[in-house]
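**Q**
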Amino acid sequence: AGVAASLTVTSPTSAVAHVTIAPGATIGFRDVTVQTGGELASETVPGPFLVTAAPPPLPRLTAATPAAGARGTSVDVTLTGADTAFAAGSSASVSGTGVRVLSSTVHGPTSVVARLAVAADAPLGFRDIRVITGVQSAGLLDGFEITPARAKPGGGGGQPAPCTDQTAPHASVTSARAKKRRLRVRGRATDTGCAASTVARVELAIARKTHHRCRYVKRSGRLTARRACSRSLFLAAHGTTSWRLTAKRKLPRGTYTIRVRARDGAGNLQRRAAKRTVRLR
């Protein structure tokens, strides 16, 4: 009881079963049989299909609002969780240097407001943000961005007005290779905006296209379900001016299109992603 299956026959010796398991299904091994008219095919071993317990829910942060703070400011950031149990005593933290957590106020099991103080010389770019509640840890990678200080009206004191960076950075692919179907991509990125401007982040979308639909490589290394190719899934590369990304798993054979774009510390995004195509055999 609790397990139902529908069958799609692919050949005289092969079929695909779509199995639906109810939440209250009894845990343990189940026998598998296939009947065709008067013919009954069964396994010669116990089971062999095993119903297991559902994995426990994983606490995580799903959003940080606002998701950015300027140098030299304090900002209240609302952190939203899923499958979390925030309670009195929960504490927030931000990776890297130049950002202090002044306070953490719990507004419910899935909501915490963290007051952050961003130093005037805090390194620009994205930070991981995390909330600890007892032994429970919920995090959001690259969930908060440090942006340049806001320019004061008029510049003041006869000094030159601060440079306003509106120049987008540029990232390019220098190599894309696969070793045992594990894709490795390397490249470089530059920014020619204001003198203080730097490349803050490089992102890659890796897609396998079939029948006008795309499957994108996820952070885990697995592929998404087929989706519209316009729904790109970008992954953060390691490094900025010199960057790299290695797939965590072997990918299915086929042709993959790699699109790369860069973002600078002023928030400018590369307008047209660089492209590279690679075939995994």
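For the sequence shown, position 244 (counting from the first letter as 1) is numbered 253 according to this note's numbering, and the numbering increases by one without interruption.
Beta carbons are placed, not taken as given, at the ideal position from N, Cα and C, and that holds for glycine.
Is DSSP giving glutamine 145 helix, strand or coil here?
**A** Looking at glutamine 145 - three-state DSSP - the assignment turns out to be strand.
**Q** Taking a contact to mean a Cβ-Cβ separation below 9 Å, would you say leucine 192 touches valine 140 in this structure?
**A** Cβ distance not < 9 Å, so leucine 192 and valine 140 don't count as in contact.
**Q** Just list the residues that DSSP pairs lysine 218 with in beta bridges.
**A** For lysine 218, which the question treats as bridged, DSSP gives the partners Cys223.
**Q** Excluding the 5 residues flanking valine 127 on each side, which residues of the same chain have their C-beta closer than 8 Å to its C-beta?
**A** Excluding residues within five positions, the ones whose Cβ falls inside 8 Å are Gly78, Ala79, Arg80, Gly81, Thr82, Ser83, Val84, Gly107, Val108, Ile155.
**Q** Using C-beta distances below 7 Å, list every residue in its chain close to arginine 285, excluding the 5 sequence neighbours before and after it, in chain order.
**A** Around arginine 285: Val182, Ala185, Ile267.
**Q** Which residue from Val41, Val103, Ser120, Gly105 puts its Cα closest to that of alanine 97?
**A** Among Val41, Val103, Ser120, Gly105, the Cα nearest to that of alanine 97 belongs to Ser120.
**Q** Output yes or no for whether 9 Å exceeds the beta carbon distance between leucine 289 and alanine 216.
**A** No. Outside cutoff.
**Q** Quick one, which of His247, Arg69, Ala76 has its alpha-carbon nearest glycine 90's?
**A** Ranking His247, Arg69, Ala76 by Cα distance to glycine 90 puts Arg69 first.
**Q** Return the residue from the list Gln44, Ala34, Arg222, Ile36 that minimises the CA-CA distance to valine 18.
**A** Residue Gln44 is the option with its Cα nearest to valine 18.
**Q** Tell me which residues share the same chain as arginine 1 and place their Cβ nearer than 6 Å to its Cβ, disregarding the 5 neighbours each side in the sequence.
**A** Nothing about residue 1 can be read from this structure; the chain reaches only from 10 to 290.
**Q** Give every residue of the same chain whose Cβ lies closer than 6 Å to the Cβ of proline 150, excluding the five residues on either side of it in the sequence, and list them in chain order.
**A** A quick correction: the sequence has leucine, not proline, at residue 150. These residues qualify, in order along the chain: Asp137.
**Q** For arginine 290, name the three-state secondary structure that DSSP assigns.
**A** Coil at arginine 290, not helix or strand.
**Q** Alanine 214 and leucine 244 - do their beta-carbons sit closer together than 9 Å?
**A** Against a cut-off of 9 Å, the Cβ pair of alanine 214 and leucine 244 comes out as a contact.
**Q** Among all the DSSP beta bridges, which residues are the ones paired with serine 317?
**A** There is simply no residue 317 to check, as the chain begins at 10 and stops at 290 in what is shown.
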